[in-house]
Amino acid sequence: MTATHPPVAIVGAGPVGLSAAIALARFGVRSTVVERSTGTFEHPKARGVRVRTMELFRQWGLEDELRAHALPPEALRFIYCDTLAGHELARTPELEPRTFDGSPTTSCRVAQDAVHDALLRRARAEPLIELRTGVTAGPVTQTAQQVRVALDDGTTLTARYLVAADGVGSRIRADLGIPMTGEPVVSWWQSVYWHGDLDRYAAHRPCIQFVTGADTGQHVQIASVDGHRRWITLIALPPGQDRPADQTAEQALAAIRGAVGDPDLAVEIRDIATFRVSAMNADRYREGRVFLAGDAAHVLPPTGGMGMNSGIQDVHNLAWKLAFVLAGHADAALLDSYDAERRPVAEANLAWSLDNGKRFPAIRRALAEGDTVRSRELLDAQGGHVSALGQDLGFGYRHGALVPEPDPAPAFVPEHYTPTARPGHRAPAVPLRDGGSTLDLFDDAFTLLTGGHGGAWRDAAEQLSAGPWLRTLAVDHGRLRDAAADLHAAYGISATGAVLVRPDGHVAWRATTLPEDPVDTLHSALTALHLNAARPAAAGGRR
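Residues in the sequence shown are numbered from 1 upward in steps of one, following UniProt numbering.
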């Protein structure tokens, strides 16, 4: 038996596991990723990257590559018809604005296989990431100091921490005895990934998805992967405990040709699968030194496209915390905030995704009954299926690595995003004149953003001797100067105030004005976050 000893082991090399490794590497943390498969995942399950995830990919330098494989912006709609060759009954309005002041980027309708390929190339090019494919992880054991994973190639992986990104059927979650709560079977989806030329039916009306069978009742959805030759056919089956059999090639071909309305359509079937649609959340995301992420932690219905996005944001939340603890910048208690912050987000995304799924049959019923008023209302409401900036950007952590403000936070609206710099929320994105964004400032360290008269805060940070993981920026200096007024307004601080933003871009603490003793105030905030900042023997007061 041989052993490797990375600081962090990751089981699963899907988009979530690879994102975990990439995020850790940005902090200089070495990891080993093990994956039982040896190839890429051809069947493109997810077909959309949300705005917040695109913000992360933008930081990682992946945005242009992903957009090269994406559907055009005008495709952000659903079209209801009997067949693609037949009569179109209705279409939703465009489901998301093409430009958005609240972010330096927008969502991207790109298939999961393209996302996975981009992440895989990045991981293979990163010297801090060891990627081992064709290896299955066995039982996990842990002590107070380390976690060990036996691999089926006869080696043992020993690490300080382990991230379980091993999917819906997570063996690690099962071995740890962590239960899941929710709806195990919402429905079953028979999915066929295929290639075929639909330009004569689809090129003039790009969309995310054709919902066919409005008149015949044979409801088949044809989802666009690239808008030209790559497609997914989906048939929803009612919930039942027994897994339905996969379609045969003959059944799949008949369903595709029937939904298109072309009995002679040339079809190249690439993959046939049956997916269980579930709405489940693990009862806890941590067991000792092991952390669940992505589908291993939560299984979201695909109606809304939050599954992969939630998982990538999970590990973005976790990576900086692991890095800070490993480097001695923070106490290990910081790691408890991962569950406290991410599990409620998954719970909210589960409920929202379930509501989205209920709209499809309701729209079909209204169209079949000729109820134009009801169908129009539902079609307009279906904009919330995609245009959910509040759900994507407006959520706020209520508990965790933050110092909450005393007044209660207003409830967010899934369809609308209102920027706020309240602790727990994603920091507002303020455009900079050089084409950048304030989000570019928050990546690998804590950032103390001060008002224009923030000298006392900068002195306080220096006295605390926090080191390079805490940096200060004033709104009236450098590239921020031209946006100073917008920054004061967006972050809700006076000229003497300050906001502490975490490496993941969420606000940790805020002081709207200068307190009597800024050193003590800042030290108390850092201590509440379990960060290690040396308190000077005699703190200076106002300067």
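Where a beta carbon is used, it is the ideal one built from N, C-alpha and C, also for glycine.
Just to check my reading of the structure: residue i and residue j have Cβ atoms closer than 8 angstroms, yes? What is that Cβ distance to the nearest angstrom?
i             : j              : result
leucine 131   : alanine 323    : Incorrect: roughly 19 angstroms between the Cβ atoms, too far for contact.
threonine 233 : tryptophan 194 : 7 angstroms
glycine 196   : valine 267     : 5 angstroms
threonine 496 : leucine 514    : 4 angstroms
proline 7     : arginine 160   : 5 angstroms
alanine 351   : histidine 43   : At roughly 27 angstroms, the Cβ-Cβ gap does not stay under 8 angstroms, so alanine 351 and histidine 43 are not in contact.
Got a sec? Which residues, its chain only, sit under 7 angstroms from residue i by beta carbon, not counting five neighbours each side?
i             : result
serine 187    : Ala236, Leu237, Pro238, Pro239 and Val277
histidine 425 : Gly396, His506 and Val507
alanine 114   : Leu66 and His69
alanine 284   : Checking the displayed sequence, the identity of residue 284 turns out to be arginine instead of alanine. Closer than 7 angstroms at Cβ, skipping near neighbours: Ile178 and Asp339.
proline 410   : none
glycine 541   : Confidence is the limiting factor: at glycine 541 the pLDDT is only 42, short of 50, which leaves the residue's position unreliable and the question unanswerable from this model.
Sorted by chain position, which residues of the same chain lie with C-beta nearer than 6 angstroms to residue i's C-beta, five sequence neighbours on each side aside?
i             : result
threonine 36  : With the sequence shown as reference, residue 36 is identified as arginine, and threonine is not the correct amino acid for it. Result list for arginine 36: Thr136, in chain order.
valine 345    : Phe395
aspartate 152 : Thr136
threonine 158 : Ala3, His5, Gln146 and Arg148
aspartate 331 : His530
leucine 176   : Glu287
residue 544   : Residue 544 cannot be examined here, being either before or after the span of the chain that is shown, 1 to 543.
Give the range of the alpha helix (DSSP H) segment to which residue i is assigned.
i              : result
glutamine 190  : Here glutamine 190 belongs to no alpha helix (DSSP H); instead the beta strand (DSSP E) covers 180-195.
glutamate 74   : Premise fails: glutamate 74 is in no alpha helix (DSSP H) and is neither H nor E.
alanine 456    : 455-463
threonine 512  : Note, threonine 512: premise wrong, no alpha helix (DSSP H); not H, not E.
alanine 9      : No alpha helix (DSSP H) holds alanine 9; the beta strand (DSSP E) holding it covers 8-11.
arginine 471   : From DSSP, arginine 471 is part of no alpha helix (DSSP H) but of the beta strand (DSSP E) over 470-474.
glutamate 65   : 63-67
histidine 172  : One point to set straight first is that residue 172 is isoleucine, not histidine, in the sequence displayed. Looking at the DSSP string, the run of the alpha helix (DSSP H) that includes isoleucine 172 is 171-176.
arginine 132   : Unbroken run through arginine 132 is the beta strand (DSSP E), 129-133; no alpha helix (DSSP H).
isoleucine 312 : 307-327
arginine 124   : 112-125
leucine 487    : 484-491
Where does residue i sit, in a helix, a strand or coil, going by DSSP?
i                 : result
alanine 159       : strand
glutamine 145     : coil
phenylalanine 291 : strand
arginine 502      : coil
glutamine 221     : strand
threonine 527     : helix
serine 437        : strand
alanine 534       : coil
proline 361       : helix
arginine 257      : helix
residue 572       : An answer regarding residue 572 cannot be provided, because it is not within the stretch 1 to 543 covered by the chain.
histidine 477     : coil
glycine 390       : helix
arginine 543      : Its pLDDT being 35, under 50, arginine 543 is placed unreliably in this model, and the value from its coordinates should be taken loosely. Arginine 543 falls in the coil class under three-state DSSP.
Whole angstroms is fine: what's the gap from residue i's alpha carbon to residue j's?
i                 : j                 : result
methionine 127    : glycine 14        : Per the sequence shown, residue 127 should be read as proline rather than methionine. Approximately 19 angstroms, taken between the alpha carbons.
aspartate 271     : threonine 527     : 53 angstroms
glutamate 94      : leucine 76        : 5 angstroms
proline 263       : leucine 62        : 41 angstroms
leucine 480       : threonine 450     : 11 angstroms
glycine 328       : glycine 213       : 60 angstroms
glycine 492       : threonine 521     : 18 angstroms
alanine 297       : isoleucine 10     : 14 angstroms
serine 191        : alanine 254       : 13 angstroms
proline 206       : lysine 321        : 42 angstroms
methionine 280    : arginine 30       : 31 angstroms
glycine 294       : asparagine 309    : 9 angstroms
glutamate 415     : glutamine 391     : 7 angstroms
arginine 374      : phenylalanine 446 : 50 angstroms
alanine 466       : alanine 525       : 13 angstroms
proline 179       : glycine 134       : 28 angstroms
arginine 50       : proline 536       : 44 angstroms
alanine 20        : valine 163        : 8 angstroms
arginine 52       : leucine 393       : 6 angstroms
arginine 543      : leucine 120       : Because arginine 543 sits at a pLDDT of 35, beneath the cut-off of 50, its placement in the model cannot be relied upon, and the following sentence gives the value as read from the coordinates. Their backbone Cα atoms lie some 50 angstroms apart in a straight line.
isoleucine 222    : glutamate 377     : 23 angstroms
phenylalanine 412 : alanine 362       : 25 angstroms
glycine 258       : aspartate 82      : 10 angstroms
Go to residue i, then tell me how far its beta strand (DSSP E) extends in each direction, as first and last residue.
i              : result
glutamate 88   : 88-91
asparagine 281 : 268-282
valine 34      : 31-35
valine 16      : Counting along the chain, valine 16 falls outside any beta strand (DSSP E), though it belongs to the alpha helix (DSSP H) covering 15-25.
threonine 83   : Here threonine 83 belongs to no beta strand (DSSP E), and DSSP marks it neither H nor E.
arginine 200   : Premise fails: arginine 200 lies in the alpha helix (DSSP H), 199-202, not in any beta strand (DSSP E).
leucine 449    : 446-450
Counting only the same chain and skipping the five closest in sequence on each side, list residues whose C-beta sits under 8 angstroms from that of residue i.
i           : result
proline 428 : Gly102, Pro419, Thr420, Ala421, Thr438, Ala490 and Tyr491
leucine 473 : Leu441, Thr447, Leu448, Leu449, Thr450 and Leu480
valine 110  : Arg47, Gly48, Val49, Leu66, Arg67, His69, Ala70 and Leu71
alanine 124 : Reading the sequence as shown, one finds arginine at residue 124 and not alanine. Only Leu131 meet the Cβ criterion.
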